[in-house]
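Novice: Sharing a structure below in structure tokens format, with a few things to ask.
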Amino acid sequence: MSFADAVTLAWEFLEQLALAAIDLDKLDVADVCLQKLGAKFPGSPRLEVLTGIRMEASEPITTVLEYYNDLLIADPTNAAAWKRRISVLRRARSLDKATEELIQYLDTFYTDPEGWLELADIYVSNRQYTSALQALSHALVLNPQNPFTFVQFAETAYSSGDLPLALKMFLVAIEMMERDLESPETKPPAGLAFRAWWGIKLCARHLLGGASGVSSSPSNTPVPKHLKSVDALATERVLGAYKGKELEERRRLVEHWLSSSK
Amino acid sequence: MAPTVRISAVAYYKLYFHAAKHPHQPVNGVLLGTQDKAGGPIEVQDAVPLLHHWTSLSPMMEIGLDLAGQFAQENGLKIVAYYQAQRNVGDVGLGPVGEKLLGRLREQFKDVVGFVIDGEDFGTDKAALNPWTYSGDQWKAVPPSDKPFSQGSVYQLASPDLPTKALHYVREEGHHQAFGDFDDHLEDVTIGE
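These protein sequence lines are chains P and E, in that order. As numbered in the UniProt record's numbering, residues 1 to 262 make up the first sequence, in order. As numbered in the UniProt record's numbering, residues 1 to 193 make up the second sequence, in order.
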């Protein structure tokens with residue numbers, strides 16, 4: 001590593017240290033870091049945002065909002081300052097204002113998947129599932145290779161009552177994660193895939209149960225033709241993760257759930 | 001008159017560790033216990049921590065609740081309460097999702113109580129739990145003037161030093177790190193109960 005690289009790392013470290021200190025309420029440590037950074041990088045927009053974050057820890061919300069407003073008046077393209085302001089609005093529970101601003105922000109800075117995910121999260125906490133799905137579909141466009149976003153979409157679709165859509169998205173996520181799986185018997189699902197198989201099983205179970213209206217889909221997603229096979233496969237995959245003596249008790253609980261129908 | 005609710009050490013510690021392990025995130029779970037007759041005193045004996053991720057989304061919540069219900073039944077218990085911590089420290093509201101969940105739980109247990117963890121009081125010697133009950137068609141917070149979890153209140157901890165002990169377990173012994181909820185279980189089957 002060159003000396004110049006080491007020096008850059010040292011300053012970045014100070015920034016990280018400041019953030020960690022604020023997290024742990026060690027504001028005096030944060031202030032020392034900010035002082036040193038301020039001396040080295042006067043007028044830096046990055047430092048201005050860090051200062052804002054430090055203010056969020058101890059100043060009243062109106063003061064902090066005013067500070068970010070000033071930054072944005074001076075430089076309307078300061079995306080980081082805008083995002084900070086939106087997160088402060090959310091924390092202050094001005095949800096309508098936060099949502100309005102976030103939408104404006106995303107109009108300007110469309111290619112920010114984190115922004116779309118945050119918008120979806122705000123909608124979902126208020127049970128506005130259709131709007132959440134719209135926001136998530138933008139996140140999907142920006143991150144088409146990320147199974148995580150597909151699973152989030154699937155779970156949101158399920159929460160909104162669109163089971164066929166949820167099932168479809170869970171299956172897409174599995175296809176992404178397990179398409180190269182050579183021997184499924186020896187490789188039970190783990191991590192996100194495990195969660196997705198549970199989701200598939202849950203959807204399939206309800207859809208097979210045939211309660212009235214269960215397969216209605218506001219997005220007009222059809223129910224897959226081989227639903228029973230999907231259901232059987234999901235059962236097998238979920239159960240396949242519970243192998244061995246130590247997991248016997250849990251396997252029994254899970255088996256019981258899997259075999260009961262609703 | 002709301003039934004008395006007594007929370008055992010085991011249940012309180014589990015709920016506490018769950019919240020302590022995820023300080024930046026919302027968490028939720030259910031409490032299991034017994035009640036001899038409708039309207040009678042409720043003994044909370046255990047807690048089943050559920051989610052700390054996507055807490056407003058329903059599929060894993062549904063599965064978690066089903067499994068918790070099954071476990072409860074097998075052990076002669078019922079789901080008697082729901083607990084949550086909101087993402088913002090100052091937020092002690094039930095929120096639309098919490099209300100919906102409680103509504104569902106109430107179908108199975110009439111006297112179900114909601115507990116919202118109070119981020120400001122968490123880590124002190126106070127219980128830091130704000131109870132919500134159903135009356136007159138709505139979920140209402142028990143007024144602070146009722147002083148829940150103090151002497152003579154309908155809401156009691158098995159012993160008043162539980163919060164201090166729990167804090168000790170978290171601070172000095174890091175018990176909360178070895179702890180897993182349903183979300184953790186979904187990532188790694190060997191975690192959790």
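Ideal Cβ placement from N, Cα and C applies to all residues, glycine included.
Counting only beta-carbon separations shorter than 8 Å, does P:Lys204 have a partner in chain E?
Specialist: The identity of residue 204 of chain P in the sequence shown is Ala, whereas the question assumes Lys. Answer no: the Cβ-Cβ gap between P:Ala204 and chain E never drops below 8 Å.
Novice: Let me confirm a value: P:Gln16 is counted as buried when at least 16 other C-beta atoms fall within 10 Å, else exposed. Which label applies?
Specialist: exposed
Novice: Over what stretch of residues does the beta strand (DSSP E) that includes P:Ala196 continue unbroken?
Specialist: First-last for P:Ala196: 192-209, but that is the alpha helix (DSSP H), not the beta strand (DSSP E).
Novice: Would you kindly work out how many angstroms separate the C-alpha atoms of P:Glu155 and E:Arg104, rounded to a whole number?
Specialist: Looking at the two C-alpha atoms, the distance is approximately 19 Å.
Novice: What span of residues does the beta strand (DSSP E) with residue 225 of chain E cover, start to end?
Specialist: Residue 225 of chain E lies beyond the residue range present for chain E, which begins at 1 and ends at 193; the question has no answer from this structure.
Novice: Give, in chain order, every unbroken run of the beta strand (DSSP E) that is at least 3 residues long and sits entirely within the stretch 78-150 of chain P.
Specialist: none
Novice: Within 8 Å of any Cβ in chain P, is that where the Cβ of E:Leu65 sits?
Specialist: No, E:Leu65 lies away from the interface with chain P (no Cβ there is under 8 Å from its Cβ).
Novice: Let's see if you can read the secondary structure: which residues bound the beta strand (DSSP E) around E:Lys78?
Specialist: 78-85
Novice: I need the DSSP call for P:Lys262, collapsed to helix, strand or coil.
Specialist: Reliability of the predicted coordinates at P:Lys262 is poor, the pLDDT of 47 falling under 50, and the value obtained from them is presented with this limitation in mind. Looking at P:Lys262 - three-state DSSP - the assignment turns out to be coil, as it is neither helix nor strand.
Novice: Which stretch, first to last residue, makes up the beta strand (DSSP E) that contains E:Asn28?
Specialist: 27-35
Novice: Excluding the 5 residues preceding and the 5 following P:Thr51 in the sequence, name in chain order all residues of the same chain whose CB lies nearer than 7 Å to its CB.
Specialist: Leu34
Novice: Rounded to whole angstroms, what is the Cα-Cα separation between E:Val189 and P:Arg252?
Specialist: Computed Cα separation, rounded: 13 Å.
Novice: Of all the CB atoms in chain P, is at least one closer than 8 Å to the CB of E:Trp139?
Specialist: Cβ-Cβ to chain P under 8 Å: no for E:Trp139.
Novice: So, with DSSP's three-state summary, where would you put P:Thr62?
Specialist: helix
Novice: Measure the C-alpha to C-alpha separation of E:Glu99 and E:Trp139 and round it to an integer number of angstroms.
Specialist: About 7 Å.
Novice: Is it buried or exposed, E:Gly39, if we count other Cβ atoms within 10 angstroms and call 16 or more buried?
Specialist: exposed
Novice: Determine, for P:Arg91, whether the minimum Cβ-Cβ distance to residues of chain E falls below 8 Å.
Specialist: yes
Novice: Which partner residues does E:Phe149 have in the DSSP bridge list?
Specialist: BP columns for E:Phe149 are empty, so no partner.
Novice: Kindly list, in the order they appear in chain E, the residues whose Cβ is closer than 7 Å to that of P:Leu133.
Specialist: Those do not exist, as P:Leu133 stays about 12 Å from chain E at its closest Cβ, beyond 7 Å.
Novice: Taking Cβ-Cβ distances shorter than 7 Å, what residues in chain P pair up with E:Glu107?
Specialist: Within 7 Å Cβ-Cβ: nothing; E:Glu107 doesn't reach chain P, min ~14 Å.
Novice: Suppose you measure from the CA of E:Ser8 to the CA of E:Asp46; what does that come to, to the nearest Å?
Specialist: 7 Å
Novice: Please list, in chain order, the chain P residues whose beta carbon lies closer than 8 Å to that of E:Phe71.
Specialist: Leu253
Novice: Is there contact between the stretch 78-93 of chain E and the stretch 105-117 of chain P, where contact requires at least three CB pairs shorter than 8 Å?
Specialist: The stretch 78-93 of chain E, when compared against the stretch 105-117 of chain P, does not touch it at the 8 Å Cβ threshold.
Novice: Would P:Lys225 and P:Pro188 be called neighbours here (beta carbons separated by less than 8 Å)?
Specialist: no
Novice: Using a beta-carbon distance cut-off of less than 7 Å, what residues from the stretch 141-165 of chain P approach chain E?
Specialist: Gln152, Glu155, Thr156, Tyr158, Ser159
Novice: CA-CA distance, P:Leu227 and P:Phe170?
Specialist: 14 Å
Novice: I need the DSSP call for E:Tyr13, collapsed to helix, strand or coil.
Specialist: helix
Novice: Applying the criterion that 16 or more other CB atoms from any shown protein chain within 10 Å of the CB defines a buried residue, is P:Asn220 buried or exposed?
Specialist: Counting Cβ neighbours within 10 Å, P:Asn220 comes out exposed, since fewer than 16 surround it.
Novice: Since P:His226 meets chain E, which of its residues come closer than 9 Å, beta carbon to beta carbon?
Specialist: Contact of P:His226 with chain E by beta-carbon distance below 9 Å is absent, the smallest such distance being about 21 Å.
Novice: Quick one: give me the first and last residue of the alpha helix (DSSP H) that P:Pro218 is part of.
Specialist: Careful: P:Pro218 lies outside any alpha helix (DSSP H) and carries neither H nor E.
Novice: Which first and last residues belong to the alpha helix (DSSP H) in which E:Asp183 is found?
Specialist: Residues 182-187.
Novice: Under 8 Å between the Cβ atoms of E:Pro59 and E:Val27?
Specialist: no
Novice: Can you find a CB in chain E that lies within less than 8 Å of the CB of P:Gly213?
Specialist: no
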